[in-house]
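According to UniProt numbering, the residues represented by the sequence shown are 1 to 397, in order.
Beta carbons: idealized from backbone N, C-alpha and C, even for Gly.
Values in this document were obtained by computation on a predicted structure and should not be read as measured data.
Have a look at the structure below before the remarks.
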Amino acid sequence: MNDNTHPTRSWLDSRLPFLRPFCQHMTRFPMPPVNLLWTLGACLMVAFGLMVVSGLFLSLHYQPDLAQAFDSVEAMERRVPSGWLIRSIHTGGVSLLFAALYLHVGRGLWYGSYKAPRELVWLSGLFLMLLFMTTAFAGYVLPWGQMSYWGATVITHAVEAIPGIGHGLLVYLLGEDTLGGVALHRFFILHFTLGFIIAAVVGLHILCLHGTGSSNPTLDSPHPDRTTRPFAPFYVVKDCLAVCVFLALFAGLIFFLPGLLGKLDNIIPANPLKTPTDITPEWYLAPWFAMLRAVPSRLGGLIAAATSLLVLFILPWLDQSPRHNATYRPLARMGLGLFFIAFIILILAGMNRATPLWVWLSRGAMLVWFLTFLGLLPLAAYRERQASDASTQGDAP
Numbered sequence: 001m002n003d004n005t006h007p008t009r010s011w012l013d014s015r016l017p018f019l020r021p022f023c024q025h026m027t028r029f030p031m032p033p034v035n036l037l038w039t040l041g042a043c044l045m046v047a048f049g050l051m052v053v054s055g056l057f058l059s060l061h062y063q064p065d066l067a068q069a070f071d072s073v074e075a076m077e078r079r080v081p082s083g084w085l086i087r088s089i090h091t092g093g094v095s096l097l098f099a100a101l102y103l104h105v106g107r108g109l110w111y112g113s114y115k116a117p118r119e120l121v122w123l124s125g126l127f128l129m130l131l132f133m134t135t136a137f138a139g140y141v142l143p144w145g146q147m148s149y150w151g152a153t154v155i156t157h158a159v160e161a162i163p164g165i166g167h168g169l170l171v172y173l174l175g176e177d178t179l180g181g182v183a184l185h186r187f188f189i190l191h192f193t194l195g196f197i198i199a200a201v202v203g204l205h206i207l208c209l210h211g212t213g214s215s216n217p218t219l220d221s222p223h224p225d226r227t228t229r230p231f232a233p234f235y236v237v238k239d240c241l242a243v244c245v246f247l248a249l250f251a252g253l254i255f256f257l258p259g260l261l262g263k264l265d266n267i268i269p270a271n272p273l274k275t276p277t278d279i280t281p282e283w284y285l286a287p288w289f290a291m292l293r294a295v296p297s298r299l300g301g302l303i304a305a306a307t308s309l310l311v312l313f314i315l316p317w318l319d320q321s322p323r324h325n326a327t328y329r330p331l332a333r334m335g336l337g338l339f340f341i342a343f344i345i346l347i348l349a350g351m352n353r354a355t356p357l358w359v360w361l362s363r364g365a366m367l368v369w370f371l372t373f374l375g376l377l378p379l380a381a382y383r384e385r386q387a388s389d390a391s392t393q394g395d396a397p
């Protein structure tokens, strides 16, 4: 019997008439000749799915209470069947998720995926990054270990530097002057609910992407390739292979390098009366922690960290060059290369003790960050627009 007249297919089509066009669109979606960096989106989807499933399991055993939070996490590791594996998937997954996320954003920067008409794809992706960072920070607090408590204390009290409303805002967010039972409960609710909000924004991100199509990395090359192929089966196979490699790295991290998943200070219960010698966040939040430390003023550090993210949001309007791929834009290639190096330096600085060397390296990396997006890329765009206009006028009869 033909699939189109199959009773089950007909029954579904009559009740969900959008389902068939949706499936056809997803399978026939035209894809330009993209490289392997475009498979990071599929890896992120898989990592996020693993985080949601493992997080739901962990939430069944976690107790958001000062007296029980740390012990409940220890019970998951030691007494719940396969609890150690589920928690390792969750804690290891966040590191791999952020690694793929930052590479995904870096790919968008290098290939100019933030430019018209894909501004909404870029903005929704950056909003997702902020949601992931907020979710990860809230989850970092939940084990209520020594590093969780003091790392969260440093970051949350940065809000107190806002003139006039800082202290009131801090009390409103935490429910009290310092981290305590109310704040822990709020962080748990925030961490749990943000996962579902992220799922909705992921859908919006994919919707924006399918509205404009994927960018073509070859358009600025001397020999652009404008051919397209349907998403299935060509790019489905490529994504599946990338996901297999991603899961192999994931398994290697969990089973062979478990010490990289957490900090030793976090296996000690939180003690508000004893400050650790070194307060460092997880690596994926380290760049902004390094910015907070690099500026002597707490308010200045907060402004610098917030502005570093703001410039990414307004980048589509800062860089309006007709070219996209930084490979063929010498000035942009230099600026983005320096930015990637600066980002790695900020990660290392945030994970190390605040010695004069790391503080000055952080300041230099911050300077590179802002010069790249506020100076080099707009300058490159201006020069490339001038060259494009001159070429157009020269070609005119």
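Helix, strand or coil at G337 [DSSP, three-state] = For the purposes of this step, residue 337 is identified with residue 337 of the sequence shown, where counting begins at 1. Helix, per DSSP.
ask   = What residues in its chain sit with their C-beta under 7 Å from that of P81, if we drop five residues either side in the sequence?
value = Sequence index remark: in the sequence shown, residue 81 carries index 81 (1-based). Excluding residues within five positions, none has a Cβ falling inside 7 Å.
request  = Consult DSSP for P30 and reduce its assignment to one of helix, strand or coil.
outcome  = The residue you call residue 30 lines up with position 30 of the sequence shown. In this structure, P30 counts as strand in the three-state DSSP scheme.
ask   = Among F250, F132, P258, which has the Cα closest to the Cα of F196?
value = In the sequence shown, counting from the first residue as 1, residue 196 sits at position 196. With distances taken between Cα atoms, F196 lies closest to F132.
request  = Within the same chain, show all residues whose beta-carbon is closer than 8 Å to that of G125, passing over the 5 residues directly before and after it, in chain order.
outcome  = As a first step, residue 125 is located in the sequence shown; it is residue number 125 there, counting from the start. Once the five neighbours on either side are set aside, the close Cβ partners of G125 are H104, V105, G108, H205.
task = Report buried or exposed for Y172, applying the criterion of at least 16 other Cβ atoms within 10 angstroms of its Cβ.
result = In the sequence shown, the residue the question calls residue 172 occupies position 172. With fewer than 16 Cβ atoms within 10 Å of its Cβ, Y172 is classed as exposed.
ask   = Within this structure, are the beta carbons of R333 and E384 separated by less than 7 Å?
value = Within the sequence shown, numbered from 1, the residue matching residue 333 stands at position 333. Within the sequence shown, numbered from 1, the residue matching residue 384 stands at position 384. Against a cut-off of 7 Å, the Cβ pair of E384 and R333 comes out as no contact.
task = Kindly identify the DSSP beta-bridge partner or partners of P269.
result = If you number the sequence shown from 1, residue 269 lands on position 269. Paired residue(s): G145.
task = Would you mind stating whether W110 and A270 have Cβ atoms separated by less than 7 Å?
result = For the purposes of this step, residue 110 is taken as residue 110 along the sequence shown, with counting starting at 1. For the purposes of this step, residue 270 is taken as residue 270 along the sequence shown, with counting starting at 1. Going by C-beta atoms, W110 is not nearer than 7 Å to A270.
Local Cβ density within 10 Å of H191, reported as buried at 16 or more and exposed below that = Position 191 of the sequence shown holds residue 191. So H191 counts as buried.
message = So if DSSP puts R229 in a beta bridge, which residue, or which two residues, is it bridged to?
response = Reading the sequence shown from its first residue, position 229 is the one you call residue 229. According to DSSP, R229 bridges with M31.
message = For M1 and W38, I'd like the C-alpha separation in whole angstroms.
response = One-based indexing of the sequence shown puts residue 1 at position 1. One-based indexing of the sequence shown puts residue 38 at position 38. Bear in mind that the predicted position of M1 carries a pLDDT of just 45, short of 50, making it unreliable; the figure below should be weighed with that in mind. Each residue's Cα considered, the two are about 38 Å apart.
query = Roughly how far, in whole angstroms, is the beta-carbon of P143 from the beta-carbon of F57, given that I think they are within contact range, below 8 Å?
reply = Residue mapping note: residue 143 aligns to position 143 of the sequence shown, counting from 1. Residue mapping note: residue 57 aligns to position 57 of the sequence shown, counting from 1. So it is not a contact: roughly 16 Å between Cβ atoms.
request  = Tell me whether the beta-carbon of M291 lies closer than 7 Å to the beta-carbon of M366.
outcome  = Residue mapping note: residue 291 aligns to position 291 of the sequence shown, counting from 1. Residue mapping note: residue 366 aligns to position 366 of the sequence shown, counting from 1. Their beta carbons are under 7 Å apart, which means M291 touches M366 by this criterion.
ask   = Under three-state DSSP, which class holds P21?
value = Numbered from 1 along the sequence shown, position 21 holds the residue referred to as residue 21. Reduced to three states, the DSSP call for P21 is helix.
ask   = Residues in its own chain within less than 7 Å of A47 by CB, not counting five upstream and five downstream?
value = Residue mapping note: residue 47 aligns to position 47 of the sequence shown, counting from 1. So the qualifying residues of the chain are G93, L96, L97, A100.
request  = May I ask you to verify whether the stretch 234–246 touches the stretch 140–157, counting CB pairs closer than 8 Å and requiring at least 3?
outcome  = no
query = If you run the structure through DSSP and keep just helix, strand and coil, what is S88?
reply = Position 88 of the sequence shown, counting from 1, holds the residue named residue 88. Helix.
query = For D278, which three-state DSSP category applies?
reply = Residue mapping note: residue 278 aligns to position 278 of the sequence shown, counting from 1. D278 falls in the coil class under three-state DSSP.
inquiry  = With three or more beta-carbon pairs closer than 8 Å as the criterion, would you say the stretch 212–225 touches the stretch 164–171?
reply    = no
Environment of A306 [buried if 16+ CB atoms lie within 10 Å] = Mapped onto the sequence shown, residue 306 falls at position 306. A306 is exposed by the Cβ-count criterion.
key: Residue environment, T392, which counts as buried when at least 16 other CB atoms sit within 10 Å   = The count along the sequence shown starts at 1 and reaches residue 392 at position 392. By the neighbour-count rule (16 or more Cβ atoms within 10 Å), T392 is not buried but exposed.
query = Do you know offhand how far P378's Cα is from A75's?
reply = For this step, residue 378 is matched to residue 378 along the sequence shown. For this step, residue 75 is matched to residue 75 along the sequence shown. Near 54 Å, if we compare the C-alpha coordinates of A75 and P378.
request  = For Y102, name the three-state secondary structure that DSSP assigns.
outcome  = To locate residue 102, count along the sequence shown from 1; it is residue 102. DSSP places Y102 in helix when its eight states are reduced to three.
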